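**Student:** Take my numbering: the last position of the sequence shown gets the number 353, and nothing is skipped along the way.
Even glycine gets a Cβ: it sits at the ideal position worked out from N, Cα and C.
Here the structure is a predicted model, which is why all the values come from computation and not from measurement.
Here you go, one structure.
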Amino acid sequence: MRVLLTGAAGFIGTAIARQLAAAGHEVVGVDLMLDSAHGSSAPPAGVHHLDVREAGSAEWSGLLRGIDVVCHQAALVGAGVRVGDLPAYASHNDLGTAALLAAMHDADVDRMVLASSMVVYGEGLYACAEHGRQAPPPRAVAAMEAGDFDNHCPVCDRPLAWELVPEDARLDPRSSYAASKLAQEHYASSWVRQAGAAAVALRYHNVYGPMMPRDTPYSGVAAMFRSSLERGEAPQVYEDGAQMRDFVHVDDVARANVLALEAVASGSTPRWSAYNVCSGQPVTILDVATRVAEGTGRDIAPEVTGGFRPGDVRHVVASPELAAAELGFAAAIGPDEGLREFATAPLRA
């Protein structure tokens, strides 16, 4: 199998390329290498330094020739720090995906695996013990300023309990990044119908592991905790630290991609499908900070700040069942082991 891998120089793309090569597949790597993720690093050997938004160019056409399946990892990530980030998300994530899909069609490449995200769900799945399933609206800023971070039942006002989110849950993005990831899925599913193609969207939960970018708000929260500890500072935990998430190691994410690429290339998946990629072992954000801190071997306790970001959701935890049943994917690295090891893993400057 010959795979064109966008975002090939990123920490996820690097792990995917390594596992594809180990499985005997050929990889053609492409990466624009944005400063927010790569700093001033030069492209690694063998990685083509190209802009996915210009995928209709002759250089892209040459790279797509003879490709069996595209693994599209290139994206601007993060929750969106400023309103001014909106055009960048729309440009890199959505225009880039649309341009790539059009170029793939012109090159007769009709198979794709798309890096999506759990952020497309917005808030997770909630239920009231008395009134059943509920779909809470965005949390009120005034309530969070008063220290009330929970979603409440609209009938009885009790705090709602979280449940595992399946892939057919309502999609309700709550940030500029989330909106761009859902738009990527919509472009890909439209391409599937128009081009008679096939695509798999992998909805990553919180990915962490070696070579994550350091000291940038566009990185994941685990890397932000790791960077604080490296400076000898306590990790800053927002809200009350009780937010539930799923953290999945980059090596497991890479393995999920290899399985999805092999499946979509062989035609063993539906024409359009989406799968949660998660560890299946939910943790609180405070637990994440604590485990990373413990891995340093130093006595630095996380600090729960009570601060918040309006675009954040309270709880979102995935169901791993569909990926296990249809892709044969189950995570091998749990958060207890992986997060403690991450404390001393190298990060990208």
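Since R218 and S231 should fall inside the 8 Å C-beta cutoff, what is the C-beta to C-beta distance between them, to a whole number of angstroms?
**Tutor:** With a Cβ gap of about 5 Å, R218 and S231 count as contacting.
**Student:** Could you tell me the alpha carbon to alpha carbon distance between E30 and N210, rounded to whole angstroms?
**Tutor:** E30 and N210: Cα-Cα distance of roughly 28 Å.
**Student:** List the residues that DSSP assigns as beta-bridge partners of R352.
**Tutor:** DSSP output for R352 lists P217 as bridge partner(s).
**Student:** Put T10 into one of helix, strand or coil per three-state DSSP.
**Tutor:** Here T10 sits in strand by DSSP.
**Student:** So what's Q247 in DSSP terms, helix, strand or just coil?
**Tutor:** DSSP places Q247 in coil when its eight states are reduced to three.
**Student:** Could you check if D35 is buried or exposed, using at least 16 other CB atoms within 10 Å of its CB as the buried criterion?
**Tutor:** By the neighbour-count rule (16 or more Cβ atoms within 10 Å), D35 is buried.
**Student:** On the three-pair Cβ rule with 8 Å, is the stretch 162-172 touching the stretch 70-90?
**Tutor:** Cβ pair count under 8 Å is below three, so no.
**Student:** Tell me whether the stretch 293-300 and the stretch 99-110 touch, counting them as touching only if at least three CB pairs, one residue from each stretch, are closer than 8 Å.
**Tutor:** Because the criterion of three Cβ pairs below 8 Å is not met, the stretch 293-300 and the stretch 99-110 do not touch.
**Student:** Using the Cα positions of V268 and A203, report the straight-line distance between them to the nearest angstrom.
**Tutor:** If I take the Cα positions, the gap works out to 7 Å.
**Student:** Note down, one range per segment and in chain order, each alpha helix (DSSP H) of at least 4 residues found wholly within the stretch 105-191.
**Tutor:** For the stretch 105-191, whole alpha helix (DSSP H) runs of length 4 or above, ordered along the chain, are 145-149.
**Student:** Which of the three DSSP states is assigned to S323 in this structure?
**Tutor:** S323: coil per DSSP, three-state reduction.
**Student:** Per DSSP, what kind of secondary structure is V81 in: helix, strand or coil?
**Tutor:** If DSSP states are grouped into helix, strand and coil, V81 belongs with coil.
**Student:** List the endpoints of the continuous alpha helix (DSSP H) containing E341.
**Tutor:** Its alpha helix (DSSP H) spans residues 339-346.
**Student:** Starting from S277, follow its DSSP beta bridges and name the residues at the other end.
**Tutor:** Partner(s): V204.
**Student:** Opposite Y212 in the DSSP bridges: which residues?
**Tutor:** Its beta-bridge partners are H253.
**Student:** What whole-angstrom Cβ distance do V317 and V281 have, given they're in contact under 8 Å?
**Tutor:** About 18 Å separates the two Cβ atoms, so there is no contact after all.
**Student:** Can you tell which of A133, A205, G60 has its C-alpha closest to the C-alpha of Y191?
**Tutor:** The candidate whose alpha carbon is nearest that of Y191 is A205.
**Student:** Buried or exposed for R207, going by 16 or more other Cβ atoms inside 10 Å?
**Tutor:** R207 should be labelled buried.
**Student:** For G299 versus R344, is the C-beta spacing smaller than 9 Å?
**Tutor:** In this structure, R344 lies closer than 9 Å to G299 by Cβ.
**Student:** Between the Cα of P314 and the Cα atoms of F153, G14, D72, V257, which residue gives the shortest distance?
**Tutor:** Ranking F153, G14, D72, V257 by Cα distance to P314 puts F153 first.
**Student:** Which residue comes first and which comes last in the beta strand (DSSP E) that contains E30?
**Tutor:** Taken as a continuous stretch (DSSP letters only), the beta strand (DSSP E) holding E30 covers 30-34.
**Student:** Are the CB atoms of A227 and L351 within a distance shorter than 9 Å?
**Tutor:** Contact flag set, yes.
**Student:** With a 10 Å radius around its C-beta and 16 neighbouring C-beta atoms as the bar for buried, classify S121 as buried or exposed.
**Tutor:** Under this definition S121 is a buried residue.
**Student:** Judging by CA-CA distance, which residue of R57, A111, M148, P48 is the nearest neighbour of G66?
**Tutor:** The candidate whose alpha carbon is nearest that of G66 is A111.
**Student:** Any idea what DSSP makes of H53, helix, strand or coil?
**Tutor:** Residue state, collapsed to three classes: coil.
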